[in-house]
Amino acid sequence: MSTPEVEMRFGEAVKEAMAEEMRRDPTVFLMGEDVGAAGGVFKILVGLYEAFGPERVIDTPIAEAGFVGLGVGAALTGMRPIVEIMFGDFIALAMDQIVNQAAKICYMSGGQAKVPLTIRATLGAGRSAAAQHSQSLHAWTSHIPGLKVAIPSTPADAKGLIKTAVRDDNPVIVYEDKMMYAWKGMVPQGEYTIPFGVADVKREGRDVSLIATSSMVHVALNAAGVLAQQGISAEVVDPRTMVPLDKEALVASVCKTSRAVIIDEGYHSFGVMGELASVVYEGAFDYLDAPIVRLGGMDVPVPFSKPLEDATIPGEQDVVDAVMGMMG
0 MSTPEVEMRF
10 GEAVKEAMAE
20 EMRRDPTVFL
30 MGEDVGAAGG
40 VFKILVGLYE
50 AFGPERVIDT
60 PIAEAGFVGL
70 GVGAALTGMR
80 PIVEIMFGDF
90 IALAMDQIVN
100 QAAKICYMSG
110 GQAKVPLTIR
120 ATLGAGRSAA
130 AQHSQSLHAW
140 TSHIPGLKVA
150 IPSTPADAKG
160 LIKTAVRDDN
170 PVIVYEDKMM
180 YAWKGMVPQG
190 EYTIPFGVAD
200 VKREGRDVSL
210 IATSSMVHVA
220 LNAAGVLAQQ
230 GISAEVVDPR
240 TMVPLDKEAL
250 VASVCKTSRA
260 VIIDEGYHSF
270 GVMGELASVV
280 YEGAFDYLDA
290 PIVRLGGMDV
300 PVPFSKPLED
310 ATIPGEQDVV
320 DAVMGMMG
């Protein structure tokens, strides 16, 4: 029997995932800036404080280094904290706690200590929030051994991946695109998790593979619809997790289509796209009929000006033009 589904917003799916895990496991708790009575800066957490109280939904000072450190310590004692970093840009303030502590303690202790810590952080431009509140820095944490990194693109993926993250004995960073919190989709109810390291083919195709992350999945899907009108069948593949990465799915898609465009909102240079392109080149080189194209964020601080900001982010037409160019 299939799992019943309901339509809900991305933000509602995030909250439902956490609420279900908090009801299931008393060691799970949430902390971060304004996550309590205020319901979070994006208001997606409204109701959690009333449901679970101030001991499990904890407002913190504006001190990322401090409360991420508290999360690491709580995880070491057997708790399963969910720590919210309001804007992913602020993860820079807690890099020692994440990179040098949470990621390495299990290895350095020979497996005697575990850090079941989930960190939720936002990414993505588009809100005119300017250079310090709009970056997509998921490549940073994907680079660090010992961390797992998930990037959901739909409400269903958000719920399933967050529940998996909370249950994982390793530290996990979940990046949520703040522009998608109001987007709607069908979400399975009840016991529903998504295993890490399993990509999802969002649209089947035969002529080109569009490998995209987060909100860029929707850019790719829109572009695929336009390309279909030109007789070009585009497959859209969403890795869903950067670490672990489902390399086999990416390679299998490109072996089928012989072409690949990789779309990610992170900065173009030294980022996620380079790693994904490397995976495809190593696994599908003999099948490629054209060089891989990478479409990423412009290598500039994200502008406050809306027209300038939009120009720094890959769009639907950029994907269409890239595919038409590689198809000759």
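Residue 138 in numbering that gives the first Met the number 0 sits at position 139 of the sequence shown; the count goes up by one each step and never skips.
Here a beta-carbon is modelled for each residue, glycine too, at the ideal position from N, C-alpha and C.
Given the structure is predicted, the values throughout are model-derived calculations rather than measurements.
Based on the DSSP output, what are the partners of residue i in its beta bridges?
i	result
E4	P187
E234	S208
G296	Y266
L29	V56, I81
A149	V173, T240
D378	This structure cannot settle anything about residue 378, because the visible part of the chain is limited to 0 through 327.
Does DSSP put residue i in a helix, in a strand, or in coil?
i	result
R79	strand
Y266	strand
S135	coil
M241	strand
R342	Limits of the chain in this structure are 0 at one end and 327 at the other, which puts residue 342 out of reach.
R119	strand
E175	strand
I43	coil
V13	helix
I312	coil
A349	In the structure displayed, the chain extends from 0 to 327; residue 349 sits before or after that span and is not available.
M326	coil
K113	coil
I143	coil
I332	Nothing about residue 332 can be reported from this structure: the residues present for the chain run from 0 to 327 only.
V260	strand
L330	Absent from the structure is residue 330, since the part of the chain shown begins at 0 and ends at 327.
Q96	helix
D168	coil
D288	coil
G273	helix
F89	helix
Y48	helix
T192	coil
Please check if any C-beta of chain C sits within less than 9 Å of the C-beta of residue i.
i	result
G282	Looking for chain C here will not work: only one protein chain is present.
Tell me, to the nearest whole angstrom, how far the beta carbon of residue i is from that of residue j; I am working on the premise that it is less than 8 Å.
i	j	result
V236	A198	6 Å
G196	D245	5 Å
A223	R202	5 Å
S141	S214	Not a contact, Cβ separation roughly 17 Å.
M78	T26	5 Å
L275	E234	Not confirmed; about 15 Å, so no contact.
I150	Y174	5 Å
L226	V322	6 Å
L44	G38	5 Å
P342	V171	No answer is possible for residue 342: it lies beyond the span of the chain, which begins at 0 and ends at 327.
**Asked** Would you call the region 104-113 and the region 47-58 touching, i.e. three or more CB-CB distances under 8 Å?
**Response** no
**Request:** Take every Cβ of the region 249-268, pair it with every Cβ of the region 287-303, and state whether three or more of those distances are shorter than 8 Å.
**Result:** yes
**Message:** Measuring CB atoms only, is the region 298-311 touching the region 114-130, in the sense that at least three cross pairs come out at less than 8 Å?
**Reply:** yes
**Asked** Does the pairing of the region 133-141 with the region 77-89 give three or more beta-carbon distances under 8 Å?
**Response** yes
**Request:** Determine contact between the region 176-191 and the region 4-17, defined as no fewer than three beta-carbon pairs at a distance below 8 Å.
**Result:** yes
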